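Student: Throughout, the working numbering is defined as the position within the sequence shown, counted from one, plus 100.
The beta-carbon is built from N, C-alpha and C at its ideal position, and this holds for glycine as well.
Remember, predicted model here, so these are calculated numbers, not experimental data.
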Amino acid sequence: MNLSPQQKMLYSYNTPIYARVKSAKLGLLRWIFSSLILIYILGYSMLYRGGYLQSESPIGTVRFSVQHPGHLPNNQPCHDPFQENCILHLHASKDLSYCSENPTPREHKKFHCRHLDATETITVFEKSVLIATRITEYIQERTCLFTNPNKCTQLWKTKTSKEQTYFIGDVDDLTLVLDHAIDTPTLGITAASRTSPKGMLISTNDVMCQNLVQQNAPCEIAPTLHTSGLDVFQLSTLIQLATEGGTLDETTSFASNHSLRYTGMVLVVLIEYSNFIPLYGVSNTVTYHYKLKFIKGTGAKHMHQQYLTDSNERILQKRHGVLMVVKFAGSLHAFDWQTCLVTLTTSLALLAVATTIVDGLALYILRGNGQFEAIKYQDVVLKGDGGDDEDGDDGHSSKWKTKQLKFNDMLKEEMDGEDVPLLP
Numbered sequence: 101m102n103l104s105p106q107q108k109m110l111y112s113y114n115t116p117i118y119a120r121v122k123s124a125k126l127g128l129l130r131w132i133f134s135s136l137i138l139i140y141i142l143g144y145s146m147l148y149r150g151g152y153l154q155s156e157s158p159i160g161t162v163r164f165s166v167q168h169p170g171h172l173p174n175n176q177p178c179h180d181p182f183q184e185n186c187i188l189h190l191h192a193s194k195d196l197s198y199c200s201e202n203p204t205p206r207e208h209k210k211f212h213c214r215h216l217d218a219t220e221t222i223t224v225f226e227k228s229v230l231i232a233t234r235i236t237e238y239i240q241e242r243t244c245l246f247t248n249p250n251k252c253t254q255l256w257k258t259k260t261s262k263e264q265t266y267f268i269g270d271v272d273d274l275t276l277v278l279d280h281a282i283d284t285p286t287l288g289i290t291a292a293s294r295t296s297p298k299g300m301l302i303s304t305n306d307v308m309c310q311n312l313v314q315q316n317a318p319c320e321i322a323p324t325l326h327t328s329g330l331d332v333f334q335l336s337t338l339i340q341l342a343t344e345g346g347t348l349d350e351t352t353s354f355a356s357n358h359s360l361r362y363t364g365m366v367l368v369v370l371i372e373y374s375n376f377i378p379l380y381g382v383s384n385t386v387t388y389h390y391k392l393k394f395i396k397g398t399g400a401k402h403m404h405q406q407y408l409t410d411s412n413e414r415i416l417q418k419r420h421g422v423l424m425v426v427k428f429a430g431s432l433h434a435f436d437w438q439t440c441l442v443t444l445t446t447s448l449a450l451l452a453v454a455t456t457i458v459d460g461l462a463l464y465i466l467r468g469n470g471q472f473e474a475i476k477y478q479d480v481v482l483k484g485d486g487g488d489d490e491d492g493d494d495g496h497s498s499k500w501k502t503k504q505l506k507f508n509d510m511l512k513e514e515m516d517g518e519d520v521p522l523l524p
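Next comes the structure, spelled out in structure tokens:
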């Protein structure tokens with residue numbers, strides 16, 4: 101059967117051929133690339149990253165507790181309002197720069213200040229807490245009574261002609277207690293702040309690290325207080341770390357004539373749990389640390405109502421403040437055969453990359469007078485398949501003979517015991 105050159109190309113079939121190329125240069129390159137890939141697989145992927153371990157992100161719960169710092173007459177710390185004779189560390193309104201009682205000029209508008217205890221200041225949600233810094237109050241009465249059978253066009257009416265707005269005094273000095281615990285449903289690993297070593301604040305800001313712990317970033321900053329297995333932080337310290345040195349009196353990014361104390365702010369507290377130590381493995385002790393993130397371009401507000409004599413009169417409060425949102429992050433690990441085998445098998449496939457790189461270098465960079473190409477790519481025409489013409493009308497036969505002669509000469513030299521390098 102006679103086939104045209106186009107038909108022969110169309111019905112060609114590629115099959116791999118294995119040849120032992122005796123070249124010190126190519127052999128050394130392959131060993132170098134293979135060694136680097138093995139170091140990556142065993143050293144980085146398996147040991148450093150824990151590729152042989154099954155990991156799971158934790159789920160958890162958190163309890164917030166906020167209080168003013170104080171002390172008893174014997175100078176022991178106390179918790180207001182649960183302990184009698186607790187002396188709170190509060191300032192007079194005239195001594196606070198953001199209060200209208202203070203005569204000192206200020207960049208942003210001042211408001212009258214009120215001091216509220218911790219329970220009056222905070223609003224607790226499931227995994228977040230709002231610490232009020234500014235409150236606007238409206239005294240309202242119900243205009244549509246429950247007994248009114250007629251159609252209502254208004255439900256509430258403000259009794260006073262103007263709302264009352266005030267700042268909360270000494271809110272910067274409040275201390276925040278975080279009591280949290282986590283679980284991993286699949287792995288069955290549990291941990292809590294009460295049973296784990298105290299968590300450290302991780303800062304990546306050079307200025308803050310130098311000011312607080314005299315170290316270069318990243319650095320670990322200890323809680324303001326660690327008592328009964330709980331971490332206690334001062335609110336001003338958290339704001340300073342999150343805003344890289346700022347305070348509540350910094351100008352907001354979306355309202356140039358107001359401060360963060362007026363509009364409120366959002367802080368995200370990342371609690372990262374871990375039981376894995378790189379190059380060591382799984383630890384028996386579960387540890388955690390904190391990271392802070394300030395969400396720019398937004399404030400924080402919550403509406404709160406309090407009924408007075410009956411359900412027909414209320415105080416409506418519009419509360420702005422520091423909204424602290426807790427997110428659990430990190431991962432916990434445990435050994436798992438299936439995970440180990442999958443990671444190892446996938447990683448070992450990278451060893452084929454070493455051969456591919458060396459082949460490319462030999463073909464396109466080192467070249468070696470075309471010897472490597474003659475071995476790697478051979479055109480073979482099978483007899484009885486339209487290609488048994490000795491003269492080779494399309495030139496394929498003579499091309500094959502030339503490459504085959506070179507290949508046979510190399511095989512003969514190897515059989516004679518002469519190890520001549522393929523590439524100089």
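Counting only the same chain and skipping the five closest in sequence on each side, list residues whose C-beta sits under 8 angstroms from that of residue 116.
Tutor: Counting only Cβ-Cβ distances below 8 angstroms, and skipping sequence neighbours, we find nothing.
Student: Does DSSP put residue 255 in a helix, a strand or coil?
Tutor: The answer is coil: DSSP assigns residue 255 none of H, G, I, E or B.
Student: Starting from the Cα of residue 173, find the closest Cα among 188, 159, 166 and give me that residue.
Tutor: Selected option, being the one with the closest Cα: 188.
Student: By Cβ distance, which residues of its chain are closer than 7 angstroms to residue 372, with the 5 residues on each side in sequence left out?
Tutor: Closer than 7 angstroms at Cβ, skipping near neighbours: 388, 389, 391, 429, 430.
Student: Once you ignore the five residues that flank residue 114 on each side, which residues in its own chain have a CB closer than 6 angstroms to its CB?
Tutor: Taken in chain order, the list of residues that qualify is empty.
Student: Do residue 402 and residue 414 count as a contact pair if the criterion is CB distance below 8 angstroms?
Tutor: No.
Student: Suppose you measure from the CA of residue 154 to the CA of residue 382; what does that come to, to the nearest Å?
Tutor: Their Cα atoms are separated by approximately 11 angstroms.
Student: Report yes if the C-beta of residue 273 is less than 7 angstroms from at least one heavy atom of the ligand MN; otherwise report no.
Tutor: As presented, the structure is devoid of all ligands, the ligand MN included, so that no description of it is given.
Student: If you measure between the beta carbons of residue 353 and residue 396, is that distance less than 8 angstroms?
Tutor: Against a cut-off of 8 angstroms, the Cβ pair of residue 396 and residue 353 comes out as a contact.
Student: Which term fits residue 442, buried or exposed, when burial requires 16 or more other beta carbons within 10 angstroms of its beta carbon?
Tutor: Under this definition residue 442 is an exposed residue.
Student: Exposed or buried, residue 310, counting other C-beta atoms within 10 Å across all chains shown (16 or more means buried)?
Tutor: Looking at its Cβ environment, which holds fewer than 16 other Cβ atoms inside 10 Å, residue 310 is exposed.
Student: For residue 363, collect the residues of the same chain with a Cβ closer than 7 angstroms to its Cβ; drop the 5 residues on either side in sequence, then sort them by chain order.
Tutor: Cβ within range, chain order: 352, 355, 399, 420.
Student: In three-state terms, what does DSSP make of residue 362?
Tutor: Residue 362: helix per DSSP, three-state reduction.
Student: Spatial neighbours of residue 535 within its chain, please: CB distance less than 7 angstroms, with the 5 preceding and 5 following residues excluded, ordered by chain position.
Tutor: The chain is shown from 101 up to 524; residue 535 falls before or after that span and cannot be answered.
Student: Return yes when the Cβ of residue 190 is within less than 8 angstroms of the Cβ of residue 215, no when it is not.
Tutor: Cβ distance < 8 angstroms, so residue 215 and residue 190 count as in contact.
Student: For residue 294, name the three-state secondary structure that DSSP assigns.
Tutor: Coil.
Student: Could you give the first and the last residue of the continuous beta strand (DSSP E) run that contains residue 241?
Tutor: Run containing residue 241: 228-242, per the beta strand (DSSP E) assignment.
Student: Measure the beta-carbon distance from residue 404 to residue 258 and round it to whole angstroms, keeping in mind my assumption that it falls under 8 angstroms.
Tutor: With a Cβ gap of about 16 angstroms, residue 404 and residue 258 do not count as contacting.
Student: How is residue 413 classed by DSSP in three states: helix, strand or coil?
Tutor: Strand at residue 413.
Student: Measure the alpha-carbon distance for residue 460 versus residue 471 and round it to whole angstroms.
Tutor: One C-alpha to the other measures close to 14 angstroms.
Student: Indicate whether residue 473 and residue 466 have their beta-carbon atoms separated by less than 8 angstroms.
Tutor: Result no, Cβ atoms of residue 473 and residue 466 do not sit closer than 8 angstroms.
Student: Measuring only the C-alpha atoms, how far is residue 306 from residue 263?
Tutor: Rounded to the nearest angstrom, the two C-alpha atoms are 44 angstroms apart.
Student: What number of angstroms, rounded off, separates the C-alpha of residue 131 from the C-alpha of residue 118?
Tutor: Using only the alpha carbons, I get a separation of about 18 angstroms.
Student: Could you name the residues of the same chain whose beta carbon sits closer than 8 angstroms to that of residue 197, not counting the 5 residues immediately before and after it, in chain order?
Tutor: Result list for residue 197: 204, 206, 349, in chain order.
Student: Residue 59 to residue 334, Cα distance in whole Å?
Tutor: Since the first residue shown for the chain is 101 and the last is 524, residue 59 is missing from the structure and cannot be characterised.
Student: With which residues is residue 418 paired in a DSSP beta bridge?
Tutor: Its beta-bridge partners are 236, 403.
Student: Alpha carbons only, please: which of 416, 425, 337 is nearest the one belonging to residue 368?
Tutor: The shortest C-alpha separation from residue 368 is found at 425.
Student: Quick one: Cα of residue 331 to Cα of residue 322, how far?
Tutor: Answer to the nearest angstrom: the Cα atoms are 9 angstroms apart.
Student: Between 268, 235, 232, 228, which lies nearest to residue 199 when the distance is taken from Cα to Cα?
Tutor: Among 268, 235, 232, 228, the Cα nearest to that of residue 199 belongs to 268.
Student: Which residue comes first and which comes last in the beta strand (DSSP E) that contains residue 394?
Tutor: Unbroken beta strand (DSSP E) run through residue 394: 381-395.
Student: In the DSSP assignment, find the unbroken alpha helix (DSSP H) run with residue 472 in it and report its ends.
Tutor: First-last of the alpha helix (DSSP H) with residue 472: 471-476.
Student: What number of angstroms, rounded off, separates the C-alpha of residue 386 from the C-alpha of residue 324?
Tutor: Their Cα atoms are separated by approximately 22 angstroms.
Student: Where are the alpha helix (DSSP H) runs, 4 residues long or more, that stay fully inside the region 149-216, in chain order?
Tutor: Complete alpha helix (DSSP H) runs here, min 4: none at all.
Student: Residue 127: buried (16+ other C-beta within 10 angstroms of its C-beta) or exposed?
Tutor: So residue 127 ends up on the exposed side.
Student: Give a yes or no on whether the C-beta atoms belonging to residue 266 and residue 213 are separated by under 8 angstroms.
Tutor: Yes, these two residues count as a Cβ contact at 8 angstroms.
Student: From which residue to which residue does the alpha helix (DSSP H) around residue 447 run?
Tutor: Residues 437-448.
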